[in-house]
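K.L.:
Order-wise, the sequence lines are chains A and Y. At position 74 of the first sequence (counting the first as 1) the number is 74 in the numbering used here, and the numbers step up by one without a gap. At position 118 of the second sequence (counting the first as 1) the number is 1118 in the numbering used here, and the numbers step up by one without a gap. Note that CB positions come from ideal geometry on N, CA and C, so glycine has one too.
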Amino acid sequence: MNGLAAPSRMSKTSRFPAHPVAGLAGTSFKHEHLPAILGDDPKGGFFEVHAENYMGAGGPPHDALTKIRRDYPVSLHGVCMSIGGPRLLDKAHLGRFKALVDRYEPALVSEHLAWSTHDTTYYNDLLPLPYTHATVSRVADHIDEVQGTIGRPILLENPSTYVLFPASTMSETDFIRELVRRTGCGLLLDVNNVFVSATNHGFSALSYLADFPLQNVGEIHLAGHAAQEDDEGDLLLIDSHDGPVADAVWKLFDVVIGRCGPLPTLIEWDSAIPDWPVLKAETAAAQAILDRHADSLFGKAHAAG
Amino acid sequence: MPQDELQSRDLGRRFDYAAAFTAGLLDPDRAPPDAVSGPNGKAAIKRYAVYRNNVTVSLIDALAASFPATLRITGPDFFRAMARFHVRETPPSSPLLFEYGRDFPDFIERYEYAQSMPWLADVARMERAWLDAYHAADAEPLASGALASIPPERLADTVFVPHPATRAMRSRYPVVTIFAANRSDGPVGRIEAGDPEDALVTRPGLEVFVRHLPPGGAVFLDRLMAGEPLGAAAAAAFAERAEFDLAANIAGLLQAGAFTAAHQEDEHDEP
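1. Measuring only between beta-carbons, confirm whether residue 89 of chain A sits less than 8 Å from chain Y.
2. Rounded to the nearest angstrom, what separates residue 1154 of chain Y and residue 1146 of chain Y at their Cα positions?
3. In whole angstroms, what is the alpha-carbon distance linking residue 73 of chain A and residue 270 of chain A?
4. Figure out for me which residue from A:18, A:79, A:47, A:206 has the closest Cα to the Cα of residue 157 of chain A.
5. Check whether chain Y comes within 8 Å of residue 150 of chain A, counting only Cβ atoms and requiring the distance to be less than that.
6. Mind checking if residue 1050 of chain Y is an interface residue toward chain A, Cβ cutoff 8 Å exclusive?
7. Go through the region 21-97 of chain A residue by residue and report every complete run of the beta strand (DSSP E) that reaches 3 residues or more, in order.
8. Can a CB atom of chain A be found closer than 8 Å to the CB of residue 1245 of chain Y?
9. Below 7 Å on C-beta distance, what does residue 1058 of chain Y contact in chain D?
10. So, helix, strand or coil for residue 1041 of chain Y, using DSSP?
11. Applying the 10 Å Cβ sphere with the 16-neighbour rule, what's the burial state of residue 1085 of chain Y?
12. Give me the Cβ distance between residue 1164 of chain Y and residue 22 of chain A, rounded to the nearest whole Å; I'm assuming they're in contact under 8 Å.
13. Output, in sequence order along the chain, the residues in the region 1072-1095 of chain Y whose CB is closer than 8 Å to any CB in chain A.
14. Can you name, in chain order, every residue of its own chain whose Cβ lies under 6 Å from the Cβ of residue 1224 of chain Y, other than the five neighbours on each side?
15. Spell out a yes or no on whether the region 174-192 of chain A and the region 219-229 of chain A are touching, meaning 3 or more CB-CB pairs, one atom from each, closer than 8 Å.
16. Considering just the uninterrupted stretch of the alpha helix (DSSP H) at residue 172 of chain A, what are its terminal residues?
17. Can you say whether residue 1115 of chain Y is buried or exposed, counting buried as having 16 or more other CB atoms within 10 angstroms of its CB?
18. Do you know how far the Cα of residue 208 of chain A is from the Cα of residue 214 of chain A?
19. Taking 8 Å as the threshold, find out whether the region 130-149 of chain A comes into contact with the region 1043-1061 of chain Y through three or more Cβ pairs.
20. Where do the N-terminal and C-terminal ends of the alpha helix (DSSP H) with residue 283 of chain A fall, by residue?
21. Which residues in chain A have a C-beta closer than 8 Å to the C-beta of residue 1141 of chain Y? List them in chain order.
22. Using 10 angstroms around the beta-carbon of residue 1187 of chain Y, count the other beta-carbons present and answer buried if the total reaches 16, otherwise exposed.
23. Determine, using beta-carbon pairs with one atom in the region 146-164 of chain A and one in the region 189-204 of chain A, whether at least three such pairs fall under 8 Å.
24. Counting only beta-carbon atoms, is residue 136 of chain A nearer than 8 Å to chain Y?
25. Let me see if you follow: with CB-CB separation under 8 Å, is residue 202 of chain A close to chain Y or not?
26. Can you tell me where the alpha helix (DSSP H) holding residue 1117 of chain Y begins and where it ends?
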């Protein structure tokens, strides 16, 4: 496990407890669960929030996140920085992102290898990019700019994709490895995204993982997906985040944790959101796998923690 | 030449994948961009449609989340069809989705199939004001008794600082009644075509409140929020509605937490 998962600085003026995240399973924080979460005893795990939902000036969102952050490690997950886009980053948005990092001192900070804004329109989806020497330079510049602004490394998330760019000259894993080399960023490995993309593009998820720079991974995402068909009638998986984690994704997760040790792992469930006990049970299932590997690899986990 | 123009010219010589990819995202009649394909030469029509669907549906969902009373009044099928038109005509320009939908009430006012519900746009305006109050900056409201310390002869010169969450809204329809009925969990009874209602939106703490403003109250609050002193704002309210009750209006606004501070007009220039 690398050191990127830990808070980079604990200033003396810290507003919140440190709350280490190493080896924990967590889940997306949804406001409707707040009363149930505040009533939980003992408190365990961590919560991830989409940064953009907390970019308003005040009100209940900040009140809720402050309460959560007091009791738990928080992961700040940016959804729309457009790091993978061809245009310059939005300075105002970057400023808002930095303000959240400063205010909430998150244990983890992440963004996507994707883009969502073009010219003046925000498309609210994680859109794909070609993997070329030109785009790797541009994306590396964007990551440098984000990391320089917030003063700490980010974890970059691998995408789930439905199309390919014939113009691509690099594999996704080579592209990601090159970004890590150039920027020093860490990685957020979304195992469901690997499974979805592997199915959609007909490659082996295990081969992708074998080629992925696992030593740079600081967080894992797990989520549910939905099934459709492509133009040829073959299975096309959609990264829908609207149900439980698939068995095949749990198996891949087990393989990854077996190689990496117990990394902070998030259950993402963003629509058709279940009651808190259901989400908590899904998180407990991830925690059980993390704990099993922590026990069998005790020396390694202990050294990393 | 500005830096960004240089960079986009540079990219134009390479390959502007974002321009190519977005061209058909909001237009279901366009073919997928030539720049994308499936693996091993597979087609990309349904594959590209996944992105197009994600964009449109997630933005309709965002409007549905921001305008729940409007949705409840129209029903989901009507609402989603109306929202789809709006999303394609006016997609968001900010990545902050709680900012999206500022133009939606005006769109509803023009929307052909909503003409039988002339009050619907005002309900949407009410919901937009509610959401703005929800996300507004936090501030301690001015205490109800704050005016007691001001000498009576200075009251007319008193200027109020509006709370960041405070909004006034005027309507030709009973918008507060319709809004309140459709934002609660209970059944909505028949709402008779009633008197026009002006609304006050405040958020003194964590909860947003919507109140019915008494006659003249909207113009009074508008003037105060624009920085006019109490005397001038009251005169404007009296001019519009002879029955304007100054004491009741001031008490109501203070009790609702509409302001954060009050000071004399001649103190205005102090740093």
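P.N.:
Reading from the atomic positions:
1. Within the first sequence, residue 89 of chain A is the residue found at index 89, counting from 1. No, no contact with chain Y.
2. The residue given as residue 1154 of chain Y occupies position 154 in the second sequence. The residue given as residue 1146 of chain Y occupies position 146 in the second sequence. Between residue 1154 of chain Y and residue 1146 of chain Y, the C-alpha separation is close to 13 Å.
3. As a first step, residue 73 of chain A must be located in the first sequence, where it is residue number 73. As a first step, residue 270 of chain A must be located in the first sequence, where it is residue number 270. The straight-line gap from Cα to Cα measures roughly 19 Å.
4. Working through the first sequence from its first residue, we reach residue 157 of chain A at position 157. The residue with the shortest Cα to Cα distance from residue 157 of chain A is A:79.
5. Locating residue 150 of chain A in the first sequence gives position 150, where the first residue counts as 1. Output row for residue 150 of chain A: interface = no.
6. Stepping through the second sequence from its first residue, residue 1050 of chain Y is reached at position 50. Yes, because at least one Cβ of chain A sits closer than 8 Å to the Cβ of residue 1050 of chain Y.
7. 25-28, 46-50, 74-77
8. Reading the second sequence from its first residue, position 245 is the one you call residue 1245 of chain Y. Residue 1245 of chain Y does not count as touching chain A.
9. Although the question refers to chain D, the structure presented lacks it and instead comprises the protein chains A and Y.
10. Indexing the second sequence from 1 puts residue 1041 of chain Y at position 41. Correct three-state label for residue 1041 of chain Y: helix.
11. In the second sequence, counting from the first residue as 1, residue 1085 of chain Y sits at position 85. Its Cβ having fewer than 16 others within 10 Å, residue 1085 of chain Y is exposed.
12. For the purposes of this step, residue 1164 of chain Y is taken as residue 164 along the second sequence, with counting starting at 1. For the purposes of this step, residue 22 of chain A is taken as residue 22 along the first sequence, with counting starting at 1. Contact doesn't hold; Cβ gap of about 39 Å is too wide.
13. 1091, 1092, 1093, 1094, 1095
14. As a position in the second sequence, residue 1224 of chain Y is number 224, starting the count at 1. Same-chain partners within the cutoff: 1160, 1233.
15. yes
16. As a position in the first sequence, residue 172 of chain A is number 172, starting the count at 1. Per DSSP, residue 172 of chain A belongs to the alpha helix (DSSP H) from 172-183.
17. Along the second sequence, one-based indexing puts residue 1115 of chain Y at 115. It counts as exposed.
18. Taking the first sequence and counting its residues from 1, one reaches residue 214 of chain A at position 214. Taking the first sequence and counting its residues from 1, one reaches residue 208 of chain A at position 208. Between residue 214 of chain A and residue 208 of chain A, the C-alpha separation is close to 11 Å.
19. no
20. Position 283 of the first sequence, counting from 1, holds the residue named residue 283 of chain A. Counting along the chain, the alpha helix (DSSP H) containing residue 283 of chain A begins and ends at 276-296.
21. Here residue 1141 of chain Y is taken as the residue at index 141 of the second sequence, counted from 1. In chain order: nothing, as chain A lies at least about 13 Å away.
22. Numbered from 1 along the second sequence, position 187 holds the residue referred to as residue 1187 of chain Y. Exposed is the call here.
23. yes
24. Here residue 136 of chain A refers to the residue found at position 136 of the first sequence. False, the Cβ-Cβ gap to chain Y never drops below 8 Å.
25. Position 202 of the first sequence, counting from 1, holds the residue named residue 202 of chain A. Yes, its Cβ sits closer than 8 Å to a Cβ of chain Y.
26. Looking up residue 1117 of chain Y in the second sequence gives position 117. Taken as a continuous stretch (DSSP letters only), residue 1117 of chain Y belongs to no alpha helix (DSSP H), as it is neither H nor E.
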